[in-house]
Amino acid sequence: MTSPKTRTAIFISGRGSNMMALVEAAKAPDFPAEFVLVVANDPEAPGLQWAAERGIRTFALDHKPFGKDREAHERQIDAALRAEGVEFICLAGYMRVLTPWLVSQWAGKMINIHPALLPEFKGLHTHERALEAGVSEHGASVHWVTPGVDEGEIIAQARVPVFSDDTPERLATRVLAEEHRLYPQALRKALAASK
Ligand code: GAR
Numbered sequence: 062m063t064s065p066k067t068r069t070a071i072f073i074s075g076r077g078s079n080m081m082a083l084v085e086a087a088k089a090p091d092f093p094a095e096f097v098l099v100v101a102n103d104p105e106a107p108g109l110q111w112a113a114e115r116g117i118r119t120f121a122l123d124h125k126p127f128g129k130d131r132e133a134h135e136r137q138i139d140a141a142l143r144a145e146g147v148e149f150i151c152l153a154g155y156m157r158v159l160t161p162w163l164v165s166q167w168a169g170k171m172i173n174i175h176p177a178l179l180p181e182f183k184g185l186h187t188h189e190r191a192l193e194a195g196v197s198e199h200g201a202s203v204h205w206v207t208p209g210v211d212e213g214e215i216i217a218q219a220r221v222p223v224f225s226d227d228t229p230e231r232l233a234t235r236v237l238a239e240e241h242r243l244y245p246q247a248l249r250k251a252l253a254a255s256k
């Protein structure tokens with residue numbers, strides 16, 4: 062007998078190409094997750110329409126009217142996750158720092174993809190910073206989400222070479238292709254570890 066698939070949500074803020082890679086990977090019969098909800102903090106996020114067209118429920122809640130009360134925004138998101146029976150969360154280009162409250166609600170059940178070889182280059186503009194630092198290798202990491210931003214234990218990483226004529230855009234494209242391979246593999250590993 063196959064074990065039931067873990068009801069998983071994906072959080073996005075924009076185009077959602079990592080979301081697409083996860084949804085494609087989940088077509089494999091043995092994939093351990095089913096994607097039941099896509100959450101966005103921007104109702105205009107292009108990835109929302111892609112998900113809706115594929116019959117995946119979406120929940121968009123603009124963070125702006127909440128001002129500084131990030132927890133109030135997240136409490137409504139959390140209610141939507143509970144209503145959908147979500148068991149696990151993949152952050153995939155969700156460009157909001159989560160409050161300790163939401164992180165504690167989903168401890169051990171939430172992972173993130175970050176476009177750098179953590180612990181190098183936490184935060185934003187990772188490709189520019191990697192080029193400025195003159196590294197010969199760059200990449201992406203999937204890690205458990207903990208209260209410290211980009212600090213949780215690493216689940217898996219993918220590496221790419223950095224070339225002398227790279228621009229941030231070219232490097233980002235090379236890393237993104239690896240992200241799309243990495244995230245489904247890392248989710249399999251995370252779910253196996255969280256059982
Ligand atoms: C991805 O490169 C992801 O690693 C990054 O945003 C991009 C989203 O692209 N995430 C972060 O920087 C998180 N701090 P996508 O919407 O096409 O998946």
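Counting in this note's numbering, the sequence shown runs from 62 upward without gaps.
For every residue, glycine included, the Cβ atom is placed at its ideal position computed from N, Cα and C.
For the ligand MG, is there any heavy atom lying closer than 8 Å to the beta carbon of GLU189? Ligands in the displayed structure: the ligand GAR; the ligand MG is not one of them.
Considering only C-alpha positions, which residue in the set SER165, LEU163, SER197 is nearest to ALA177? SER197
At a cut-off of 8 Å, is HIS199 close to the ligand GAR when judged by its beta-carbon and the heavy atoms of the ligand? no
In the DSSP assignment, find the unbroken alpha helix (DSSP H) run with HIS241 in it and report its ends. 229-255
Opposite HIS175 in the DSSP bridges: which residues? Answer is SER202, bridged to HIS175.
When DSSP labels each residue in this structure, what does SER105 get in the three-state scheme? For clarity, residue 105 is Glu in the given sequence; the question names Ser instead. GLU105: coil per DSSP, three-state reduction.
Unbroken stretches of the alpha helix (DSSP H), 4 residues or longer, contained in the segment 90-164: 107-114, 131-144
State the CB to CB distance for the pair VAL164 and ALA201, rounded to an integer number of angstroms; the pair is presumed to be in contact (CB under 8 Å). About 21 Å separates the beta carbon of VAL164 from that of ALA201, a gap too long to meet the 8 Å contact definition.
Assuming LEU142 contacts VAL206 under a Cβ cut-off of 8 Å, what Cβ separation, rounded to an integer in Å, is found between them? About 14 Å; that fails the 8 Å criterion.
Could you say which of ARG249, GLY213, VAL97 lies nearest to GLY148 if we only look at CA atoms? Checking the sequence, you will find Glu at residue 148 rather than Gly. The shortest Cα separation from GLU148 among ARG249, GLY213, VAL97 belongs to VAL97.
Does at least one heavy atom of the ligand GAR sit under 8 Å from the Cβ of ILE73? The answer is yes for ILE73.
Residue span of the beta strand (DSSP E) that contains VAL221, given as start and end: Run containing VAL221: 215-222, per the beta strand (DSSP E) assignment.
Kindly identify the DSSP beta-bridge partner or partners of ALA70. LEU98, ILE150
How many Å lie between ARG242 and ALA140 at the Cα? 31 Å
Do PHE92 and ARG249 have their C-beta atoms within less than 9 Å of each other? yes
Excluding five sequence neighbours on each side, which residues of the same chain lie with their C-beta closer than 8 Å to the C-beta of ILE117? VAL84, PHE96, VAL97, LEU98, VAL99
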